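Take 129 as the starting number for the sequence shown in the numbering used here and just add one per residue.
Where a beta carbon is used, it is the ideal one built from N, C-alpha and C, also for glycine.
Predicted, not measured: the structure shown is a model, and the values here were computed from it.
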Amino acid sequence: AGALAMLKEHNIRICALIAIFLVSWFLVSLTFLFVFFTSYRGFTPEQTGGIMSVMGFSTMICGFLVPAWSDRIGRKPVMILFTFIGVVTPLAALYFDGPMWVMGLLLFIGWSASGSFALFMGVVPGETVSPKLAATSMGLVVCIGELVGGFASPWLAGVLADQNGLQATMYFTLICAFFSGITALFLKETAPSQVGKAAA
Numbered sequence: 129a130g131a132l133a134m135l136k137e138h139n140i141r142i143c144a145l146i147a148i149f150l151v152s153w154f155l156v157s158l159t160f161l162f163v164f165f166t167s168y169r170g171f172t173p174e175q176t177g178g179i180m181s182v183m184g185f186s187t188m189i190c191g192f193l194v195p196a197w198s199d200r201i202g203r204k205p206v207m208i209l210f211t212f213i214g215v216v217t218p219l220a221a222l223y224f225d226g227p228m229w230v231m232g233l234l235l236f237i238g239w240s241a242s243g244s245f246a247l248f249m250g251v252v253p254g255e256t257v258s259p260k261l262a263a264t265s266m267g268l269v270v271c272i273g274e275l276v277g278g279f280a281s282p283w284l285a286g287v288l289a290d291q292n293g294l295q296a297t298m299y300f301t302l303i304c305a306f307f308s309g310i311t312a313l314f315l316k317e318t319a320p321s322q323v324g325k326a327a328a
């Protein structure tokens with residue numbers, strides 16, 4: 129099946145849109161968070177390194193727990209929760225003014241949205257099409273997400289920062305996380321445990 133034919137599948141289109149928004153959220157955050165904290169919020173490099181280090185632990189832990197949870201309760205509810213939760217990262221960066229350990233905790237929670245990448249880039253596309261097209265469907269979603277979210281978004285965020293200040297990059301990631309959650313509302317459930325229940 130060609131790419132255009134595969135994009136006729138509802139879930140493939142939805143996952144491609146989520147990929148655009150969340151890859152943008154992910155890469156723009158990684159690109160600008162450190163300089164935002166040090167140059168805009170006035171944190172020291174040591175403080176910034178400390179609070180951002182928890183994001184790596186969040187990815188490691190949630191990269192396993194989020195897909196595992198989706199096996200039990202379904203892909204759609206988990207995707208909705210963990211795409212919307214990505215808004216915590218830019219909100220904390222912009223507005224939280226309390227202890228550093230709480231900021232680190234908020235970044236850990238917000239960055240748990242990265243655990244949903246395995247779902248919209250791999251699991252859901254693979255479950256949407258026949259097994260012989262699973263790898264192609266995953267590659268298509270990743271391709272679209274990287275072309276737009278990986279290539280265009282950091283450039284656009286840089287332009288916005290030049291024109292409006294570093295805080296514009298955080299608002300950019302906030303919008304991306306919010307719209308990824310809105311898009312996830314339109315997913316069709318594919319988890320075998322939940323599809324089997326619906327059929328029964």
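In this structure residue 174 is exposed. Its beta-carbon is surrounded by fewer than 16 other beta-carbon atoms within 10 angstroms.
Under the DSSP assignment, residue 223 falls in the alpha helix (DSSP H) whose first and last residues are 216 to 223.
For residue 176, the enclosing alpha helix (DSSP H) starts and ends at 173 to 201. Here the segment 137 to 149 makes contact with the segment 263 to 274; the two share three or more CB pairs at distances below 8 Å. Setting aside the 5 residues that flank it on each side, residue 165 is surrounded in the same chain by 171, 175, 176, 179, 180, 221, each with a C-beta closer than 8 Å to its C-beta; the list follows chain order. DSSP, reduced to helix, strand and coil, places residue 152 within a helical segment of the structure shown. Residues of the same chain with a CB within less than 8 Å of the CB of residue 194, apart from the 5 flanking positions on each side, are 206, 210, 240, 243, 244, 246, 247 in chain order.
Nearest to residue 143 by C-alpha distance, out of 290, 274, 321, is 274. Taking 8 Å as the upper bound for CB-CB distance, residue 319 and residue 203 are in contact here, some 5 Å apart. Shown here for residue 152: same chain residues with a beta carbon closer than 6 Å to its own, the five before and five after excluded, namely 277, 281, 304 in chain order.
With respect to residue 189, residue 213 sits apart: the two C-beta atoms are not nearer than 8 Å. At least 8 Å separates the beta-carbon of residue 294 from that of residue 157.
Scanning its chain for C-beta atoms nearer than 7 Å, with the 5 sequence neighbours on each side dropped, one finds around residue 323 the residues 317, in chain order. When 249, 269, 218 are compared, the shortest CA-CA separation from residue 306 is found for 218.
Just so you know, the alpha carbons of residue 148 and residue 199 end up roughly 24 Å apart.
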